[in-house]
Amino acid sequence: MPAHRPDFIRTHSMRVVTYDIDKLISESTEPSVWINHLNNDLLKYWDIDDAKKFRGDLFPTYRTNAGNLLPENKKDWPPEFIEATQAPETKGLVDPAYNYVRAHSRQTYAYGLAYHLTGKPEYIELCRNGVKRLLSAIDNNNGMFTKQEISTGKWKPSKGERTSQDMAYGLTGLAIYYYLTHDQTTLHKMIQIKNYIFDTYYDIGKGYLTWYPRNQKDGDVEIVSQLDQIYAYMLFVTPSLPEPYKTEWKSDLRKLTNILINRFYSERYGFFWGVGTSSASLQLAIDHTDFGHSVKTMWLIYRVGLLVDEPTFVTFSRDKINKILEEAYIERTKSWGRRFDEHGEMDENKEWWILAELDQACSLLALNDPSYLEYLNNTYKYWFDYMVDKENGEIWHMVNGDTNLPVIRYPKIHNWKTSLHSFEHCLFGYITSSQIKGKPFTLYYAFPNEKFSMSRIRPYLFDANILGYDYLEDIALTNTTEERRRITKVTYDSAR
-10 MPAHRPDFIR THSMRVVTYD IDKLISESTE PSVWINHLNN DLLKYWDIDD
40 AKKFRGDLFP TYRTNAGNLL PENKKDWPPE FIEATQAPET KGLVDPAYNY
90 VRAHSRQTYA YGLAYHLTGK PEYIELCRNG VKRLLSAIDN NNGMFTKQEI
140 STGKWKPSKG ERTSQDMAYG LTGLAIYYYL THDQTTLHKM IQIKNYIFDT
190 YYDIGKGYLT WYPRNQKDGD VEIVSQLDQI YAYMLFVTPS LPEPYKTEWK
240 SDLRKLTNIL INRFYSERYG FFWGVGTSSA SLQLAIDHTD FGHSVKTMWL
290 IYRVGLLVDE PTFVTFSRDK INKILEEAYI ERTKSWGRRF DEHGEMDENK
340 EWWILAELDQ ACSLLALNDP SYLEYLNNTY KYWFDYMVDK ENGEIWHMVN
390 GDTNLPVIRY PKIHNWKTSL HSFEHCLFGY ITSSQIKGKP FTLYYAFPNE
440 KFSMSRIRPY LFDANILGYD YLEDIALTNT TEERRRITKV TYDSAR
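The sequence shown stops at residue 485 when you use the working numbering, and every number in between is there.
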C-alpha cells in the first residue's frame, strides 16, 4: 500500500542519529561504475546508427525501445508507441509528424557529455554536428523554432506559439558545446538567443518570465519558465563565459532565483508549486508539483548561491533539500517516491528524471556530509537494478513501484524524454563518487590550440582543484571552418 503522509509539516525530535561513515563510504559507488554505466548502458542506445541518422535537419525524436527508427506506418509500430497514443496520461508524448528541437538539443548535449567523460573524438564530432543543425532552427529574430515537420521540412510554430521552456532547451546543445570548446561562433549565437528569451518573455510588470511571449497569448505562470533557464543552460555554462557576459548572467541568475523563491515556494508544504496562475492552482497532484521539480529547484538555488556568492540562497535551500529527501525516501523499498497525491498518499512509481534529480541533490549534500550515503547507496542500487534497460540500453521512463517492472505505455524516448537526465545523472555520479571515495577524476575538453584561460575551466557546475592538464591529439572537426581543436585532459580533485 502507498505510504500515507497526512501531515506535511514535519516535527523534528531532538534524537541524534549516528552513522558508520567509514562503512557508508566503503559501500558507496566507485567512480568507475559510472564510466561503465555510460559505455555499457547509455551509449548502447545512443551510439547505434539509427540514433545518429538525421530526419530532416534533426536527430530523430522517436525511436523504439530497441533503438530502431519508429516506422512511418503506424501499423508497424511496437506496443510502447501504440499504447502511448491511447493512454490519457501519455497523451502528447508521441507526435510523429514532427521532430522536436528540444529532443535534438538534448541528444547533442548527451554526445557532449560522452566526450567529456571519455575524450573520444567521435563524440565531440557528433556534438558539433548537432550544434550545426540547431543553428538552422534559429529564426531571423534570434529566436528558435521548436519543431520541424518531417514531410515538408517546415519549421514551426509561429513566434507567439513558442514557450519559454522550449526556448531554454533549444540552448542546451549550444551551451554544452561552448562549455567544452569555448567556440566563439557558438558563444555569440548563445548570447543572442538568451537575450531574445529575456527580451521576449520577461514581463517587468508581472515580475516573471511568461510561458508564451508576453502580450501575445495568455498562459499559466509556470515554474519551468524560470527554472529551466537556470537548468538547461545558464548554471553550467556561466563560469565559462568571458566578461561582461559572466557578470550579466550572474545577475540574471539572481533574478530568476528570487522569482522562484518569492513566487512559487510554499513554506507550509516545504516545496514548490508547479503553476502559480491562481490560488486554485496551488494544490497537490497538479502538473510540475512533485518531488522532482521541488528538489531540482532547491539544488539549483543552492548551486546558484555558491556561484554568485549569495549565502541566503545557500541557507534557504540546504535544509529544505534535506526535508524533501526525507519525505521522498521510501524505507520499505529503499527507493525514492514520485510525489504525494491530493490525499497525501505517496505515489511510489518511479519516473526516471525525478529519481535522477533526487539522486543528484542527495549527492551534492553527500559531498559535505557522507551520512547522506544512507540514501544514496540504496537509490543508486535501485537505479542500476531496475531503471536500466539491460537489453537495449538507456533508462526506462516509468517503473511500477510495486513490481519494479517498466510501464510499457511510456516509450523509452519521445518528445520529452531523450538523454539529458540520464547523462547528467551519470556525470554527477562520477564527479561526486570520486570525491566521496577520495579519488581524482578526469574530464576532457576540446579547446583551441592557444592557451586557454584556467579561470574559465570548471568540472560542469562544480568547483574543484585542478591537479594538472595534458594536451593530447589535435582534432579537426569535419566540414567546418573552425580552427583545429586539441583534446585537453584535465584532472581534478576536491570537488565541491
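Just so it is clear, CB atoms sit at the ideal spot from N, CA and C, and this is done for glycine as well. Quick caveat, the model's predicted, so the values are computed rather than measured.
In this structure, the alpha-carbon of His403 lies about 33 angstroms from that of Lys239. Under the three-state reduction of DSSP output, Tyr51 falls in the coil class, being neither helix nor strand. With respect to Thr141, Asn88 sits apart: the two C-beta atoms are not nearer than 8 angstroms. Counting only runs of 4 or more residues that sit fully inside the stretch 28 to 88, the alpha helix (DSSP H) segments are 32 to 35, 38 to 41, 68 to 73, in chain order. With a 10 Å radius around the Cβ and a threshold of 16 neighbouring Cβ atoms, Glu232 comes out exposed. For Lys285, there is no enclosing beta strand (DSSP E); the residue is part of the alpha helix (DSSP H) that begins and ends at 280 to 297. Membership of Thr480 in the beta strand (DSSP E) is indicated by the continuous run 474 to 482. Judged by beta-carbon spacing, Gly159 lies beyond the 8 angstroms limit of Phe48, meaning their Cβ atoms are not closer than that value. Under DSSP, the beta-bridge partners assigned to Pro395 are Val388.
For Ile455, the enclosing beta strand (DSSP E) begins and ends at 454 to 464. Of the residues Trp35, Lys12, Tyr291, Thr189, the one whose Cα lies closest to the Cα of Ile219 is Tyr291. Glu315 sits exposed, since fewer than 16 C-beta atoms from the chains shown fall within 10 Å of its C-beta. Judged by DSSP secondary structure, Thr431 falls within the beta strand (DSSP E) whose first and last residues are 430 to 437.
When C-beta atoms of the stretch 191 to 209 are compared with those of the stretch 409 to 418, fewer than three pairs fall below 8 angstroms, so the two segments do not count as touching. The residue among Phe329, Asn54, Trp288 with its C-alpha nearest the C-alpha of Asn381 is Asn54. Counting along the chain, Gln137 sits inside the beta strand (DSSP E) bounded by residues 136 to 138.
The shortest C-alpha to C-alpha distance from Leu13 to any of Lys401, Asp374, Asp192, Asn366 is the one to Asn366. Phe451 sits in coil when the DSSP states are folded into three classes, being neither helix nor strand. In this structure, the CA atom of Met387 is about 18 angstroms from the CA atom of Ala92.
Three or more pairs of CB atoms, one per stretch, sit closer than 8 angstroms, so the stretch 30 to 38 contacts the stretch 405 to 416.
Of the residues assessed, Leu456 falls on the exposed side of the cut-off, its CB having fewer than 16 other CB atoms within 10 angstroms. For Ile127, DSSP records a beta bridge to Met133. Trp325 carries a strand assignment under DSSP once its states are collapsed to helix, strand and coil.
When the alpha-carbon of Asp209 is set against those of Val284, Trp262, Ile319, the nearest one is in Trp262. In the three-state reduction of the DSSP assignment, Trp144 falls in the strand class, which pools E and B. When rounded, the separation of the alpha-carbon atoms in Tyr8 and Ser360 is 6 angstroms. Beta-bridge partners of Val377 (DSSP): Ile384. When Asn393, Pro85, Ser214 are compared, the shortest CA-CA separation from Phe373 is found for Asn393. Straight across, the Cα-Cα distance linking Thr480 with Ile182 is about 32 angstroms. Secondary structure at Ile319: strand, using DSSP grouped into helix, strand and coil. A contact between stretches requires three or more CB pairs, one per stretch, nearer than 8 angstroms, and the stretch 60 to 77 fails this requirement with the stretch 142 to 150. Note on geometry: alpha-carbon atoms of Lys285 and Glu114 lie some 30 angstroms from one another. With respect to Ile319, Glu337 sits close: the two C-beta atoms are nearer than 8 angstroms. Excluding sequence positions up to five before and after Arg473, its CB lies within less than 6 angstroms of the CB of Asp463, Ala465, all in the same chain and listed in chain order. In the three-state scheme derived from DSSP, where H, G and I count as helix and E and B as strand, Glu340 is classed as strand. In this structure, Gly162 keeps its C-beta atom at 8 angstroms or more from the C-beta atom of Ser255.
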